[in-house]
Structures are given as structure tokens and as C-alpha cells.
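Residues 373 to 872 (this note's numbering) are what the sequence shown spells out, left to right.
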Amino acid sequence: MTVARPIKLAILGGGPSAFYVASRLLQLLPTSHARGEKLRVHIYDRLWAPHGLVRYGVAPDHPEVKNCTHKFDKAAEDPRFRFFGNVNVSNTPSAIPHTVNVNLEALYPHYTHILMASGCTIPKLHPALPPSDICSPALSLVHWYTQHPTLPPPPPLEKLTHVTLIGHGNVSLDIARMFLTEPSHLAQYDVPPHVLDKLAQSSIQHVSIVGRRGPLEASFTAKELREMMNLPTAYMVPIDTDLLAKPEERLRELTRQQTRTLDLFKKGSKNAPGSTRKSWSIDFFRSPTGLSPSPSSSSSRAHLSLAHTTLDTQSRSIPTGQTSSLSTDLVITSLGYHASPTDAWYDPALGHIRNAQGRIISSAGEVMRNVYASGWAASGARGVLAGTMMNAYAVADTILMDRFPGEGGRGLALAAGPVVPPTSVGVSNAGARELLNADPDLDLDGMPGEVEDAVKMGRVTQYGDWKRIDEEEVRRGQKLGKERERMGWEEAQKFIFERT
């Protein structure tokens with residue numbers, strides 16, 4: 373009689389991609405299936421709360437985007453699933469002081485498969501705009517208003533009248549909208565009290581949004597742009613009509629998104645220019661070349677130097693030779709993200725983990741056996757949740773095809789032999805033979821001793837803990853007339869472990 377081979381998967385990262393992979397596997401191998409009995413999925417997240425960018429990246433006034441968590445909750449009800457929050461599985465300790473740190477190789481004896489779903493957590497910086505008192509990555513602002521466990525300091529909004537955002541993506545528009553919306557309106561959403569208090573102190577009157585290409589190349593969606601146009605408390609500075617003329621040679625190439633964007637810009641904002649105290653502008657074909665503080669001690673304004681640009685035949689931004697400058701109090705760069713260089717199998721040339729269709733590739737160009745990547749960790753920071761879901765489902769299918777080649781799809785024939793761990797991040801080759809644990813009698817519910825000890829000590833959030841926190845946050849929010857009232861780690865830990 374053939375013994376069913378187990379799939380015991382450790383997923384590193386607790387965002388949407390991780391939960392979509394888990395959901396897919398649990399669905400495709402139900403407990404009624406012979407192989408389903410031998411399936412286990414454990415998610416490890418360095419953050420204490422699950423769902424990644426859904427909790428710590430989605431703009432507070434977009435609660436509908438968070439509806440995907442209902443599917444994640446359903447997956448977590450399966451007894452074969454476990455979540456371990458506040459556990460950083462990496463050979464580099466977390467900067468979050470309360471996090472439990474576990475080396476990657478500690479997982480090898482306990483799992484048959486590993487999936488990297490750790491996302492893209494590092495902001496891309498502009499070479500001419502290093503972080504400083506007058507320049508900040510957008511991620512710091514997003515983490516501030518979502519109460520991320522890294523607890524970045526608040527921006528000095530009471531001292532600012534003009535803010536400049538670099539980048540024409542959705543995150544830029546999210547931040548601009550947060551700055552230009554009345555705190556009384558934001559109070560109904562998932563915005564922490566200290567953020568609302570700071571926003572109420574804001575002196576911001578104008579937000580400039582600068583990008584190096586034109587309106588047809590902007591990456592924000594028409595939905596986000598429409599929200600900016602309809603802001604009740606701000607108007608948009610009209611755009612030069614020449615910039616909005618549809619180039620004849622590209623009329624047939626315009627996407628529906630591009631056509632909608634041009635139409636919105638032509639129509640302009642709901643509020644007429646000069647009719648509100650706050651305003652915003654969008655600047656095309658401008659690329660930063662430097663930022664210098666004001667030479668005057670009586671002024672807080674910095675000077676942002678800009679090169680004027682145009683597009684070449686490949687729609688790449690190139691300088692025209694003309695320049696200008698912009699006086700501003702704070703520059704915020706929103707230029708995208710890359711995976712952490714400390715992630716195993718990270719490729720600096722790609723900005724994410726090396727892989728082919730989800731199968732991780734070693735630095736020698738070889739397919740790693742039973743080691744996978746999904747979501748932004750595998751593809752880079754692009755796309756929306758629907759794309760993340762489809763990618764995760766495809767990777768889950770690949771895991772099953774590789775585990776059971778020839779059954780339910782084409783499997784990738786991988787040569788037998790030890791798996792070489794990622795020496796580039798300091799993992800010893802001594803643990804290589806243990807990465808793929810092929811023992812059919814593997815302890816399906818076992819975990820590294822460090823994790824087991826941390827669970828007993830109350831330093832780890834499990835999914836049942838999270839659901840109690842989630843319900844309490846919603847309950848507290850309802851009493852205040854808002855979506856939820858968030859807890860930080862210390863409060864959440866006290867709430868959970870004083871009740872168990």
C-alpha cells in the first residue's frame with residue numbers, strides 16, 4: 373500500500389498572497405481527500421496582526437478593499453491551518469523590538485515545503501532625494517496613519533503649508549487625499565486617534581504631485597483620480613490644455629484607463645479654482661535633480677530642483693535641458709517598493725526573489741526543490757489584489773503538480789538530491805539535506821522549538837487570538853461611530869493573554 377506523502381507548507385509572510393495560497397491548497401485538498409489528511413499550512417508573519425497591506429497599506433477611506441479578509445477568515449477556520457504572528461523567520465533580526473526571531477534553517481526539519489510570500493517592504497529611493505528632515509519615503513507616512521508596528525514618527529503637519537509628492541501612483545493620491553480631507557470626515561474610518569489629532573493640527577494648504585512622464589503614463593487609476601477631483605475641501609489647479617491633447621499617432625492605442633484619465637483632467641475638479649482654502653496640482657514631465665534647505669533661517673521652505681523632461685520613442689523620460697525649481701516644506705517620494713535584500717534568494721538586479729512560475733531559482737540558476745515564491749515577493753510591487761489572487765492560485769497549483777507529478781496537471785521533474793540553502797544570506801550548507809523532509813511520518817503539527825516556546829510565553833499571535841482582537845476593535849469602533857479602533861501590540865497582547 374502506498375503511503376500518502378504529506379504536504380506541510382511553511383509560508384513566510386501573512387499578507388493576501390499567503391492567505392490566497394493557503395485557501396487554494398485547503399480547497400483543492402479537502403479533508404475528505406486521501407491526501408488532504410496529510411496537508412498542513414502554517415503562516416509565519418513578522419507582524420503581530422495578519423493580512424499585510426490590507427491592514428497596513430490600504431487607505432483608511434477605502435474599506436471596501438478589505439473585504440477579502442472574509443475569505444482569509446474562512447481559510448483560517450480549517451483545523452489544518454495555523455497562523456503565527458509576531459514571528460520573524462529570517463537570518464536577520466527584525467527591527468521591531470518585540471518580534472520573535474527564528475532562523476530560516478530552523479524550519480527545515482519541520483516542513484516539506486517553503487513559500488516566500490514576504491512582499492516588497494522596502495521603498496525605492498530617488499538618488500537625488502535621500503531621506504532627511506525635509507524628505508521622507510511615502511511608506512513612512514502610510515505606516516504612520518495605519519499604525520504599523522514599526523511606529524514611524526508623525527510628520528510635522530502643523531509646520532507645513534506646502535507638500536510635494538514625487539510619483540504618479542495610487543499611493544501618492546492616497547497621501548494627498550489624507551492631507552486634504554477634513555479629519556472629521558476621516559473619523560468614520562479606520563484612522564487611529566493620534567493620527568486624527570495630528571491631521572487636525574495640519575497647516576497644509578497645497579499639495580503638488582510631480583511625475584517625470586505625462587498624463588497617459590500616470591499609473592494611478594481613474595477611480596483614485598476621480599476621488600481627488602471630488603474632494604469637497606480642495607480644488608485642482610487647472611492643467612495646461614496642450615498636455616491633455618490626445619496625440620493623433622496614439623489615438624488608436626489609448627486604453628480605456630488612459631481615455632478616462634484624460635477626460636477627468638479635462639473636466640477638472642468639482643470645486644472651481646480659488647473656491648476652497650486647500651488646493652492641489654499635478655505636474656507632468658518634471659524629474660527631481662536635488663533638494664536643498666532654505667538658506668534663510670526665517671524660512672522653513674526647501675528648494676526642489678526639477679529637470680524638464682519629454683518622452684523618447686519608447687515612452688522613456690529624457691531631459692530637455694530646461695530646469696525649474698519648486699519651493700516646498702516637505703518632499704515625499706512614492707516611487708514603488710522592492711523586496712528586502714535580507715530575504716533568502718533575493719536578486720538585487722530584479723528587486724525581488726528569483727523564480728520561474730513561482731519556483732525559486734538558486735544563484736547558480738537551478739530550480740530549488742519544494743521552495744516557492746508568490747505575490748510581490750515573486751513579481752515585484754505591481755498590480756492589484758485580483759492579480760495577487762490569480763498569481764497565488766497559480767503557485768498553489770504548481771505546488772500540487774510538483775508534489776504529485778502526472779496527477780491533475782504537468783509536474784516539473786526535479787532531480788533528486790539535497791537542496792542548497794541560500795548561502796548569500798548566511799545560511800550554512802550543513803542544513804541543506806534537511807530542507808526537504810520526505811519522512812511520510814513527519815509530525816504534521818510540529819514546529820520549531822523557538823516558536824513553540826514563544827507561543828507558551830504569549831509572545832505569538834495565533835488566528836483565534838486575532839479574531840478576538842478583530843472583534844474587539846470593531847466593537848470599540850462602533851461605540852465611537854467608526855469602522856474600528858485599532859490596538860497596538862502591547863494592548864493587544866494584554867487583551868488576549870489576560871483572558872486566557
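For each residue, glycine too, the CB sits at the ideal point set by N, CA and C.
Keep in mind the model is a prediction, meaning the values are calculated, not measured.
By alpha-carbon distance to T536, the top candidate from P525, Q577, H482 is Q577. Counting the other CB atoms within 10 Å of its CB gives P432 a total of 16 or more, which places it among the buried residues. A direct Cα-Cα distance of roughly 58 Å separates P820 from T692. For T522, same chain residues with a beta-carbon under 8 Å away, outside a window of 5 residues either side, are A467, I468, H515 in chain order.
In the structure shown, the three-state DSSP call for L501 is strand. Judged by DSSP secondary structure, S653 falls within the beta strand (DSSP E) whose first and last residues are 650-655.
Around the CB of S504, fewer than 16 other CB atoms lie within 10 Å, so the residue is classed as exposed. Here the segment 457-466 makes contact with the segment 815-835; the two share three or more CB pairs at distances below 8 Å. At a Cβ-Cβ threshold of 8 Å, A559 and L552 do not count as neighbours. Contact between S395 and N763 is absent: CB atoms are separated by about 13 Å, not below the 8 Å threshold. Two segments are said to touch when three or more pairs of C-beta atoms, one from each, lie closer than 8 Å; by this definition the segment 590-607 touches the segment 633-642.
Minimum Cα-Cα distance from D546 among the listed residues F455, R454, S672, I704 corresponds to I704. With contacts defined by Cβ atoms closer than 8 Å, L501 and I538 form a contacting pair. The continuous alpha helix (DSSP H) containing H566 extends over residues 565-572.
For the beta strand (DSSP E) assignment, the uninterrupted runs of no fewer than 3 residues enclosed by the segment 577-608 are, from N- to C-terminal side, 578-582, 606-608.
Residue state for Y561 is assigned as coil, using DSSP reduced to three classes. Short of 8 Å from the beta carbon of N542, and not among the five residues preceding or following it, lie these beta carbons of its own chain, in chain order: S591, F592, T593, E596. In this structure, DSSP gives I494 an extended state, which the three-state scheme calls strand. DSSP, read as helix, strand or coil, puts A406 in coil. Scanning its chain for C-beta atoms nearer than 7 Å, with the 5 sequence neighbours on each side dropped, one finds around Y483 the residues K380, L381, A382, N809, in chain order.
In the displayed model, T692 falls within a strand according to three-state DSSP. Taken through DSSP and simplified to helix, strand or coil, S575 comes out as coil. For D817, no alpha helix (DSSP H) segment is defined, and its DSSP state is neither H nor E.
Here DSSP, grouped into helix, strand and coil, assigns Y392 to helix. The Cβ atoms of T633 and R658 lie no closer than 8 Å to each other. Distance from the Cα of A864 is smallest, within the candidate group K854, K851, Q834, for Q834. Here the alpha carbon of M829 sits roughly 12 Å from the alpha carbon of E870.
Using a C-beta cut-off of 8 Å, the segment 732-744 makes no contact with the segment 686-700, since fewer than three inter-stretch Cβ pairs fall below that distance. With fewer than 16 other beta carbons inside 10 angstroms of its own, D817 counts as exposed. With respect to the 8 Å criterion, A728 and M488 are not classified as neighbours on the basis of their beta carbons. DSSP, reduced to helix, strand and coil, places P378 outside both helices and strands of the structure shown, so it counts as coil. Of the candidates G646, K650, S712, T700, T700 places its Cα closest to the Cα of S664. With respect to the C-alpha of W652, the residue from L678, L626, I690, N602 having the closest C-alpha is N602. Sorting I581, H566, P526 by C-alpha distance to the C-alpha of R549 places I581 at the top. Taking every protein chain shown into account, the CB of H566 has fewer than 16 other CB atoms within 10 angstroms, so this residue is exposed. Sixteen is the threshold: since fewer than 16 other Cβ atoms of the shown chains lie within 10 Å of the Cβ of L852, the residue is exposed.
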